[in-house]
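Residue numbers (our numbering): 612 to 831.
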Ligand code: AMP
């Protein structure tokens with residue numbers, strides 16, 4: 612049985628970092644809707660152009676575009692054993708589309724991990740975040756600096772600050788999260804698939820907790 616694990620939480624809760632770590636331990640691909648959008652922006656595709664203004668303003672990209680993009684990614688052969696979804700779904704309409712897509716394959720979403728993190732912590736993390744241009748590896752100016760300033764330890768590419776990690780845009784992303792994404796917490800809680808983890812512990816503590824939760828699920 613495949614595992615479709617979803618990570619939900621405000622921007623900056625640590626979803627990307629945890630998904631990278633879980634990808635190794637679970638052996639299924641990490642699919643980040645934000646990373647796919649950023650690839651489209653870099654490659655200046657039609658989809659990238661359609662998404663660009665929304666991303667720059669900290670708004671969500673319209674559901675129709677986002678759902679089509681994720682369904683295409685989920686149809687690729689490396690997803691046959693499941694995936695770790697980071698940043699998708701972000702609206703109830705996206706969650707419903709994902710259910711329909713997985714149901715048609717005899718699969719379902721489980722577990723959904725909610726990384727609960729305060730606005731203050733999100734602001735601190737995101738305004739200090741630096742991302743590697745080649746593969747999206749994540750650093751923090753204070754809490755996880757690279758060995759050489761501005762250079763990714765893993766692949767040597769340069770590190771940059773995302774435009775949408777500027778303070779004003781982060782505040783808008785938090786507002787959008789509360790209105791459009793937070794309702795997913797109750798939605799999945801009612802289905803009995805939600806597990807909450809305090810996102811404000813160290814990244815390693817969150818990883819340990821996630822690994823114990825997912826190994827229990829995998830064996831049970
Ligand atoms: P992220 O890297 O997950 O913070 O995503 C960066 C930006 O991409 C978001 O602020 C949105 O503008 C857009 N985005 C990513 N995932 C989604 C989604 N599931 N639905 C709509 N927009 C998204």
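Ideal placement from N, C-alpha and C gives every residue a C-beta, glycine not left out.
Judged by beta-carbon spacing, residue 733 lies within the 8 Å limit of residue 624, meaning their Cβ atoms are closer than that value. The beta carbon of residue 720 sits no closer than 7 Å to any heavy atom of ligand 1.
With a cut-off of 7 Å, the C-beta of residue 643 is classified as near ligand 1, since at least one heavy atom of the ligand falls inside that distance.
When rounded, the separation of the alpha-carbon atoms in residue 790 and residue 751 is 27 Å.
Around the beta carbon of residue 745, a 10 Å sphere encloses fewer than 16 other beta carbons of the protein chains shown; the residue is thus reported as exposed.
Comparing alpha carbon positions, the residue from 774, 754 and 699 closest to residue 672 is 699.
When 741, 809 and 756 are compared, the shortest CA-CA separation from residue 776 is found for 741.
Sixteen is the threshold: since fewer than 16 other Cβ atoms of the shown chains lie within 10 Å of the Cβ of residue 653, the residue is exposed.
Here the distance from the Cβ of residue 698 to the nearest heavy atom of ligand 1 is below 7 Å. Secondary structure within the segment 619-683: the alpha helix (DSSP H) runs of 4 or more consecutive residues, fully enclosed, are 626-637, 644-653 and 657-668 (chain order). Residue pairing by DSSP places residue 771 opposite 742 in a beta bridge. In the three-state reduction of the DSSP assignment, residue 807 falls in the strand class. With 16 or more other CB atoms across the displayed protein chains lying within 10 angstroms of its CB, residue 629 is buried.
Counting along the chain, residue 748 sits inside no beta strand (DSSP E), nor does DSSP assign it H or E at all. Nearest to residue 680 by C-alpha distance, out of 711, 647 and 779, is 647. In summary, residue 635 is exposed, with fewer than 16 beta-carbon neighbours lying within 10 Å of its beta-carbon over all protein chains present. Residue pairing by DSSP places residue 727 opposite 809 in a beta bridge. Taking 8 Å as the cut-off, the Cβ atoms of residue 825 and residue 632 do not count as close.
If you ignore the 5 residues before and after residue 710, its C-beta comes within less than 8 Å of the C-beta of 719 and 720, all in its own chain and listed in chain order. DSSP, reduced to helix, strand and coil, places residue 694 within a strand of the structure shown. One Cα belongs to residue 781, the other to residue 743, and the distance between them is close to 19 Å. For residue 764, the shortest separation between its Cβ and any heavy atom of ligand 1 does not lie below 7 Å.
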